[in-house]
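Working notes for the structure below.
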Amino acid sequence: MVSPVEDIGGVLPGLAEQVWTNAREAPEVVQFVRPAPVSRAWPAPRSVHGGDVPVTCAQFRDDVLSLARGFLTAGVGHGDRIGLVSHTRYEWTLVDYALWTIGAVTVPIFETASAEQIGWILSDAGAVGCVVETSGHADLVAGQRSDLPALRDVWQVDAGELIGLAGEGRAVDDTVVEERRRRVTGGDMASIVYTSGTTGRPKGCVLTHRSIHCDVSAAVAVLPQLLNPGANTVLFLPLAHAFARLIQVGVVQSRTTMVHSADIRGVLEQLRRHRPSFVLAVPRVFEKMHNRARQQAEDTHRGWLFRLAEQVAVRYSHALDASWGPNPLLRLARGGFDLLVYRKLRAALGGRCRAAVVGGAPLGERLGHFFRGAGLLVLEGYGLTEASPALTANTPTTQRIGTVGRPLPGVKIHIADDGEILAHGDPVFPGYWNNSEATRAAFTPKGWLRTGDLGQLDSEGFLRITGRQKEIIVTASGQNIAPTPIEEAIRANPLVSQCMLVGDGRPYLAALVTIDSSAWARWRSEHGRPDDATVAESRDDPELRGEIQAAVDRANATVSRAEQVKTFRILPRDLTEADGELTPILKIKQNVVQEHFSEDIDALYRGH
1 MVSPVEDIGG VLPGLAEQVW TNAREAPEVV QFVRPAPVSR AWPAPRSVHG GDVPVTCAQF
61 RDDVLSLARG FLTAGVGHGD RIGLVSHTRY EWTLVDYALW TIGAVTVPIF ETASAEQIGW
121 ILSDAGAVGC VVETSGHADL VAGQRSDLPA LRDVWQVDAG ELIGLAGEGR AVDDTVVEER
181 RRRVTGGDMA SIVYTSGTTG RPKGCVLTHR SIHCDVSAAV AVLPQLLNPG ANTVLFLPLA
241 HAFARLIQVG VVQSRTTMVH SADIRGVLEQ LRRHRPSFVL AVPRVFEKMH NRARQQAEDT
301 HRGWLFRLAE QVAVRYSHAL DASWGPNPLL RLARGGFDLL VYRKLRAALG GRCRAAVVGG
361 APLGERLGHF FRGAGLLVLE GYGLTEASPA LTANTPTTQR IGTVGRPLPG VKIHIADDGE
421 ILAHGDPVFP GYWNNSEATR AAFTPKGWLR TGDLGQLDSE GFLRITGRQK EIIVTASGQN
481 IAPTPIEEAI RANPLVSQCM LVGDGRPYLA ALVTIDSSAW ARWRSEHGRP DDATVAESRD
541 DPELRGEIQA AVDRANATVS RAEQVKTFRI LPRDLTEADG ELTPILKIKQ NVVQEHFSED
601 IDALYRGH
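So the sequence shown is numbered by the UniProt record's numbering: it starts at 1 and just counts up by one.
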């Protein structure tokens, strides 16, 4: 395993130091692969024509140095904030490390952000510059320019303006960059990451070089089977999210090879081409993988085979946790289904992938056991942006499905009297940018971070998430209900895309359900409905409601009577990020959904 950057002279250096260490110690190791067709937004070696471009550790250092000189020419100073609006791509990582090299601060913004959101973040951060990917992003920034007095420069990636910026920096001597790099210490700000804002306006989490470094070092230490010089991954989650950023820094620190996949629609092709050894994803990806495989089996009249394979995978996984392990008959059945079912499932991830790191939302025990039994280890972790972001993780050698693992090295977890998870340790952020009131509220009097999540620690230190304080539903009878387990169970039905429980202050629990678009097309065909029939027109269809009712009944069977869903309503359309109802990692913004579908919610309680 590659050693992390040492604390030179008792002062931890900046994150960019690892780039220089890698170039010095392993110059020919491939750090990144730029998939063909290679973007002209940043030059590639001239010897490469039409194919994927490998970027060695030495080349990455040279690219970072070149762009860092350009930022110096533009007058970017130590501690200056620079916005970054872009899809996941090589230039995103390049900008990040170039800014860190000179002690500047990256302010990531999701590429799907609205003009108002971009304006708020750039204004609140006091950004003096902004890197944008497209002309559309540039227009959004331009529309807010009058409210951004500190903003001097905007550089558009797709217009080649990073190349131009690097060209302007050729006159800067390398020793100037070296001096700036040496000035950066662990205590300096590395990034201000704004929360996705499921409630209220986003707050800027100040992450230091030290907090990110300590978190990444801990992750590399417990996941050496994933993060190592022989491993590779395809990253398709948005780098503006702290979870994906953790992997970005982790691959640089461990010299793992990474492929940036900017277009989510092209991910399957990238997975097939680059055959990653591990992937990073949110649980919804695996829910859809499972549901799609089951639906494909049904379409070919082999649903019975998939159901048997599913039962065997789950039983096999449970047996792995028992002291005696799977019996010979179960091993034989598992081997047979591997040939018939599981291998095809893994092929969707390239065929070489044996592990996935999952975060952002709970996966659920059912899917965790299914995928492990099918030969794909899905490792759940837990964290939040304020913790840089990881706090706990399951690992290939210490895993308990249904939990989010044990605390990472350097992290302490405590459960408060009211069930809230409290965290303490090196990765925890110092506070929110320009918001001392929110910072004070984020910590207990003894300095523990209030996560806002509810959980339990078992006797061996594994953490189980039981809910979120703000999402706890208190019915009119005073019953406290954590909605997540029931929502997960209802979403297990392939027809269901999203599920959100309601009932706060109401007489009973109810559910809002949306229909998956691809599953809807199949259902419509199988049940003789017109090809142009919409969900909005059909949501009161007795057969459709009967299928959703069956999903609700199955979910109700897993909880107490007081926690059961009494009724549900199918919404006329799916929830979308464009309508502000989902965050970029597909978490439901409950306040927005309640506002957009208030009439549907009222209809659930009419007459009561």
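Note that beta-carbon positions come from the ideal geometry of N, C-alpha and C, so glycine has one too.
field: Nonlocal neighbours in the same chain, by C-beta distance under 7 Å from F110, ignoring five residues either side
entry: Taking C-beta separations shorter than 7 Å and ignoring five residues to either side along the sequence, the partners of F110 in its chain run P238, A240, P584, following chain order.
Beta-ladder partner(s) of A281, from DSSP: The partner list for A281 (beta bridge, DSSP) reads V358.
field: For S191 and L207, believed in contact at Cβ under 8 Å, the rounded distance
entry: Yes, L207 and S191 are in contact; Cβ-Cβ is about 5 Å, under 8 Å.
message: Helix, strand or coil for I121? Go by DSSP, reduced to three states.
response: In the structure shown, I121 sits in a helix (DSSP, three-state: H, G or I).
- prompt: In whole angstroms, what separates the C-alpha of C130 from that of G503?
  reply: If I take the Cα positions, the gap works out to 43 Å.
- prompt: On the premise that V184 lies in contact with H213, defined as a C-beta separation below 8 Å, what is that separation, rounded to the nearest angstrom?
  reply: For H213 against V184, the beta-carbon gap comes to about 11 Å, at or over 8 Å, which does not count as contact.
R272 versus N394: straight-line alpha-carbon distance, rounded: Those two C-alpha atoms are separated by around 26 Å.
- request: Look up V176 in the DSSP assignment and give the residues it is bridged to.
  value: Bridge pairing for V176: absent [DSSP].
message: Tell me the rounded alpha-carbon separation between S211 and A482.
response: In this structure, the alpha-carbon of S211 lies about 31 Å from that of A482.
- request: Identify whether F32 lies in helix, strand or coil by the three-state DSSP scheme.
  value: Strand, per DSSP.
- prompt: Between D531, D62, L339, which lies nearest to A521 when the distance is taken from Cα to Cα?
  reply: The shortest Cα separation from A521 among D531, D62, L339 belongs to D531.
query: Three or more beta-carbon pairs under 8 Å between the region 453–462 and the region 412–428, yes or no?
result: Yes: at least three Cβ pairs fall under 8 Å.
query: Taking C-alpha atoms, which residue in D418, K446, S436 lies nearest to G425?
result: Considering only alpha carbons, the answer is K446.
- request: For my contact list, C353 and V279 are in at a C-beta cut-off of 8 Å; report their separation, rounded to the angstrom.
  value: Contact between C353 and V279 holds, with the beta-carbon distance rounding to 6 Å and staying under 8 Å.
field: Nearest candidate by alpha-carbon position, reference V357, set R302, L376, L582
entry: Among R302, L376, L582, the Cα nearest to that of V357 is on L376.
- prompt: What's the call for D188, buried or exposed, on a 16-neighbour Cβ count within 10 Å?
  reply: Flag for D188 reads buried.
Residue of A361, E380, L501, Q549 minimising C-alpha distance to G405: Of the candidates A361, E380, L501, Q549, the one whose C-alpha sits nearest the C-alpha of G405 is E380.
task: Report buried or exposed for D453, applying the criterion of at least 16 other Cβ atoms within 10 angstroms of its Cβ.
output: That one is buried.
query: Grouping DSSP H, G and I as helix and E and B as strand, with all else coil, what is V559?
result: The three-state secondary structure of V559, taken from DSSP, is coil.
task: Compute the Euclidean distance between the alpha carbons of L67 and S436, then round it to the nearest angstrom.
output: Taken atom to atom, the span from the alpha-carbon of L67 to that of S436 is near 34 Å.
query: Taking S123 as the reference, which of I102, Y97, R315, R152 has the closest Cα?
result: Closest by alpha carbon: R152.
- prompt: What is the rounded straight-line gap between the Cα of Y605 and the Cα of V513?
  reply: Distance between the alpha carbons of Y605 and V513: 16 Å.
- prompt: Rounded to the nearest angstrom, how far is the Cβ of Q144 from that of A115, given a contact under 8 Å?
  reply: In this structure Q144 is in contact with A115, their Cβ atoms being roughly 6 Å apart against a cut-off of 8 Å.
Separation of P407 from Q590, as counted between CA atoms: Rounded to the nearest angstrom, the gap between the Cα atoms of Q590 and P407 is 29 Å.
- request: Kindly list the residues whose CB is nearer than 6 Å to the CB of L345, restricted to its own chain and excluding five residues on each side of it in sequence; keep chain order.
  value: Here the set comprises A293, A374.
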